[in-house]
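Q: All letters in the sequence shown, in the order written, are residues 1 to 301 by the UniProt record's numbering.
Dropping a structure here in structure tokens format, bear with me for questions.
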Amino acid sequence: MDVLALTIYGIFLFPKHENFVDLAAIDVFLACKNRSENPVPAILADVYSHVFKRPSEIKCPITDLLRFQIGQKNGQEWANHLANLNEGHIRWHTPWQQSTTIVYHCGNYPNVPLMGTRGCINYNPIMGQRQLAYLMMGPPAKELLIPFIVYYEDGNFTELIRKARNAWARVVRKGKELGVRRCVAKASYRQWVKERIQEIKLPFKDPGTFQKSESSNPEPFENEEVKELKVRLAKMIEKNVRVERELRESRQTCTILKRENSEKQQAYEEVCKKQKSVQSHVAKVQRCLEVASKELGLRVK
Numbered sequence: 001m002d003v004l005a006l007t008i009y010g011i012f013l014f015p016k017h018e019n020f021v022d023l024a025a026i027d028v029f030l031a032c033k034n035r036s037e038n039p040v041p042a043i044l045a046d047v048y049s050h051v052f053k054r055p056s057e058i059k060c061p062i063t064d065l066l067r068f069q070i071g072q073k074n075g076q077e078w079a080n081h082l083a084n085l086n087e088g089h090i091r092w093h094t095p096w097q098q099s100t101t102i103v104y105h106c107g108n109y110p111n112v113p114l115m116g117t118r119g120c121i122n123y124n125p126i127m128g129q130r131q132l133a134y135l136m137m138g139p140p141a142k143e144l145l146i147p148f149i150v151y152y153e154d155g156n157f158t159e160l161i162r163k164a165r166n167a168w169a170r171v172v173r174k175g176k177e178l179g180v181r182r183c184v185a186k187a188s189y190r191q192w193v194k195e196r197i198q199e200i201k202l203p204f205k206d207p208g209t210f211q212k213s214e215s216s217n218p219e220p221f222e223n224e225e226v227k228e229l230k231v232r233l234a235k236m237i238e239k240n241v242r243v244e245r246e247l248r249e250s251r252q253t254c255t256i257l258k259r260e261n262s263e264k265q266q267a268y269e270e271v272c273k274k275q276k277s278v279q280s281h282v283a284k285v286q287r288c289l290e291v292a293s294k295e296l297g298l299r300v301k
């Protein structure tokens, strides 16, 4: 299985020479197998660096995919297609992408240096915040847009590679610091995108078409925080209904007990009155008997 996996790494994921497994691919395979390192950053670095340097000479896993997707339309058709796109045509976020934190930058780099088998290229997570449902506050800082690209074949960049490798030992992650997940972009960011379109000359007939849906609401979605709040709200509503029901029952019980207590109090007062009346009658009879006894005693004498 290791031989098969190594072949996949060398020929499909990190190709360099035809039908040959390069030493760099072996290093990535061993790092993944022995040290449980993630090969995805290396794959991304190779893909980005290849596309950036020589798109026509791409040797990476996305070659066939690019040809399949791009080849379906000619240049003018792609221009017309892109010109008619706006925010409403894009699904910015998928519900299953609910990462609590993201790698924001490494070490002293303002972004993330991706190290591949043939070079190193920087990646800006801030440009992908919207895909993670975070708010795009405004245009990115200028230092984030400065490209950092090193190709090993172009010369000796030992010091730069060492700095990039050391930066990965100080990964900075962010999550809640990025704010509430709303998957929208503010007007300042949209304006920057319009200016960027004009600067790099994307084939849009009218850059203003990008903002056609500016006033429209983005497609709503529910992340884990919203779902958790809804569950808590449902539980609180259920608890409130239960407490109100128990309160009504307690009030009814209290009313019944008060009525029973009032009836018992009235009955007790009536018994006390009768007892006093009987005691008064007994005392009167006793006095009469005493008087009669005295009279009988006098007559006998």
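Cβ atoms here follow ideal geometry from the backbone N, Cα and C, with glycine treated the same way.
Is Gly-107 closer than 9 Å to residue 304 when the C-beta atoms are compared?
A: The question about residue 304 has no answer here: the residues shown for the chain are numbered 1 through 301.
Q: Could you name the residues of the same chain whose beta carbon sits closer than 7 Å to that of Asn-113, not counting the 5 residues immediately before and after it, in chain order?
A: Start at 1 with the first residue of the sequence shown, and residue 113 comes out as number 113. This sequence places Pro at residue 113; Asn is not what is there. The answer, listed in chain order, is Cys-106, Cys-120, Asn-122, Phe-148, Ala-164 and Ala-167.
Q: Taking 8 Å as the cut-off, is the beta-carbon of Asn-156 closer than that to any non-hydrogen atom of the ligand NAP?
A: As far as ligands go, the structure on display features none, and thus does not contain the ligand NAP.
Q: For Pro-110, which of Leu-145, Thr-94 and Tyr-134 has the nearest alpha-carbon?
A: In the sequence shown, the residue the question calls residue 110 occupies position 110. With distances taken between Cα atoms, Pro-110 lies closest to Leu-145.
Q: For Val-243, which residues of its own chain have a beta-carbon under 7 Å away from its beta-carbon, when the five flanking residues on both sides are left out?
A: Taking the first residue of the sequence shown as 1, we reach residue 243 at position 243. Taken in chain order, the list of residues that qualify is empty.
Q: Figure out for me which residue from Pro-41, Leu-160, Arg-248 and Ala-83 has the closest Cα to the Cα of Ile-197.
A: Locating residue 197 in the sequence shown gives position 197, counting from the first residue. That would be Ala-83, whose Cα lies nearest to the Cα of Ile-197.
Q: Under the assumption that Gln-131 contacts His-93 (Cβ atoms under 8 Å), give the Cβ distance between them as a whole number of angstroms.
A: On the sequence shown, position 131 is the one that residue 131 refers to. On the sequence shown, position 93 is the one that residue 93 refers to. Indeed, because the Cβ distance is near 6 Å, the residues count as touching under 8 Å.
Q: On the three-pair Cβ rule with 8 Å, is the region 131 to 140 touching the region 170 to 190?
A: The region 131 to 140 is in contact with the region 170 to 190.
Q: I'd like to confirm the pairing. Which residues does DSSP put opposite Ile-121 in its beta bridges?
A: Position 121 of the sequence shown holds residue 121. DSSP lists Leu-114 and Ile-149 as partners of Ile-121.
Q: Measuring alpha carbon to alpha carbon, tell me which residue in Lys-142, Ile-102 and Met-115 is nearest Pro-125.
A: By 1-based counting over the sequence shown, the position of residue 125 is 125. Out of Lys-142, Ile-102 and Met-115, Ile-102 has the C-alpha closest to the C-alpha of Pro-125.
Q: Hey, quick one: how far does the beta strand (DSSP E) through Ile-161 stretch, first residue to last?
A: Taking the sequence shown and counting its residues from 1, one reaches residue 161 at position 161. Premise fails: Ile-161 lies in the alpha helix (DSSP H), 158 to 167, not in any beta strand (DSSP E).
Q: Leaving out the 5 sequence neighbours to the left and right, which residues in its chain are closer than 7 Å to Gly-179 when beta-carbon positions are compared?
A: Numbered from its first residue, the sequence shown carries residue 179 at position 179. Tyr-134 and Leu-135, listed in sequence order.
Q: Please report the distance separating the alpha-carbon of Arg-173 from that of Met-127.
A: Sequence index remark: in the sequence shown, residue 173 carries index 173 (1-based). Sequence index remark: in the sequence shown, residue 127 carries index 127 (1-based). Between Arg-173 and Met-127, the C-alpha separation is close to 15 Å.
Q: Give me the Cα-Cα distance between Pro-41 and His-50, rounded to the nearest whole angstrom.
A: Position 41 of the sequence shown, counted from the first residue, corresponds to residue 41. Position 50 of the sequence shown, counted from the first residue, corresponds to residue 50. Spanning the two alpha carbons is a distance of roughly 14 Å.
Q: Specify, as a first and last residue, the run of the alpha helix (DSSP H) that Val-193 falls within.
A: In the sequence shown, the residue the question calls residue 193 occupies position 193. Taken as a continuous stretch (DSSP letters only), the alpha helix (DSSP H) holding Val-193 covers 187 to 200.
Q: Measure the C-alpha to C-alpha separation of Thr-253 and Glu-238 and round it to an integer number of angstroms.
A: Translated into positions along the sequence shown, residue 253 becomes position 253. Translated into positions along the sequence shown, residue 238 becomes position 238. When rounded, the distance between both Cα atoms is 23 Å.
Q: Given a cut-off of 9 Å, decide if Ala-185 and Lys-87 are closer than it, judged by their beta-carbon atoms.
A: Position 87 of the sequence shown, counting from 1, holds the residue named residue 87. Position 185 of the sequence shown, counting from 1, holds the residue named residue 185. At residue 87 the sequence reads Glu, which differs from the Lys that was named. Yes, the Cβ-Cβ distance between Glu-87 and Ala-185 is below 9 Å.
Q: How long is the line joining the alpha carbons of Thr-100 and Arg-259, rounded to whole angstroms?
A: Here residue 100 refers to the residue found at position 100 of the sequence shown. Here residue 259 refers to the residue found at position 259 of the sequence shown. Near 59 Å, if we compare the C-alpha coordinates of Arg-259 and Thr-100.
Q: Between Arg-118 and Asp-46, which are expected to be in contact by the criterion C-beta below 8 Å, what is the C-beta distance as a whole number of angstroms?
A: Locating residue 118 in the sequence shown gives position 118, counting from the first residue. Locating residue 46 in the sequence shown gives position 46, counting from the first residue. The pair is a contact, with the Cβ atoms about 6 Å apart (cut-off 8 Å).
Q: Can you give me the start and stop residues for the beta strand (DSSP E) that Ile-102 sits inside?
A: As a first step, residue 102 is located in the sequence shown; it is residue number 102 there, counting from the start. Unbroken beta strand (DSSP E) run through Ile-102: 102 to 106.
Q: In angstroms, rounded to a whole number, what distance separates the CA positions of Tyr-48 and Glu-228?
A: On the sequence shown, position 48 is the one that residue 48 refers to. On the sequence shown, position 228 is the one that residue 228 refers to. C-alpha separation (whole angstroms): 37 Å.
Q: Roughly how many angstroms separate the alpha carbons of Val-282 and Thr-255, rounded to a whole number?
A: For this step, residue 282 is matched to residue 282 along the sequence shown. For this step, residue 255 is matched to residue 255 along the sequence shown. Taking the straight line from one Cα to the other gives about 40 Å.
Q: Return helix, strand or coil for Gln-134, following the three-state DSSP convention.
A: Numbered from 1 along the sequence shown, position 134 holds the residue referred to as residue 134. First, the amino acid is wrong: residue 134 is Tyr here, not Gln. Strand.
Q: Look at the alpha carbon of Arg-287 and the alpha carbon of Gln-279, and state the distance between them as a whole number of angstroms.
A: Locating residue 287 in the sequence shown gives position 287, counting from the first residue. Locating residue 279 in the sequence shown gives position 279, counting from the first residue. Their Cα atoms are separated by approximately 12 Å.
Q: Given a threshold of 16 other Cβ atoms within 10 Å of its Cβ, counted over all protein chains shown, does Thr-158 qualify as buried or as exposed?
A: Within the sequence shown, the letter at position 158 stands for residue 158. Flag for Thr-158 reads exposed.
Q: Helix, strand or coil for Val-184 per DSSP?
A: Residue 184 sits at position 184 when you count from the first residue of the sequence shown. In the structure shown, Val-184 sits in coil (DSSP, three-state: anything other than H, G, I, E or B).
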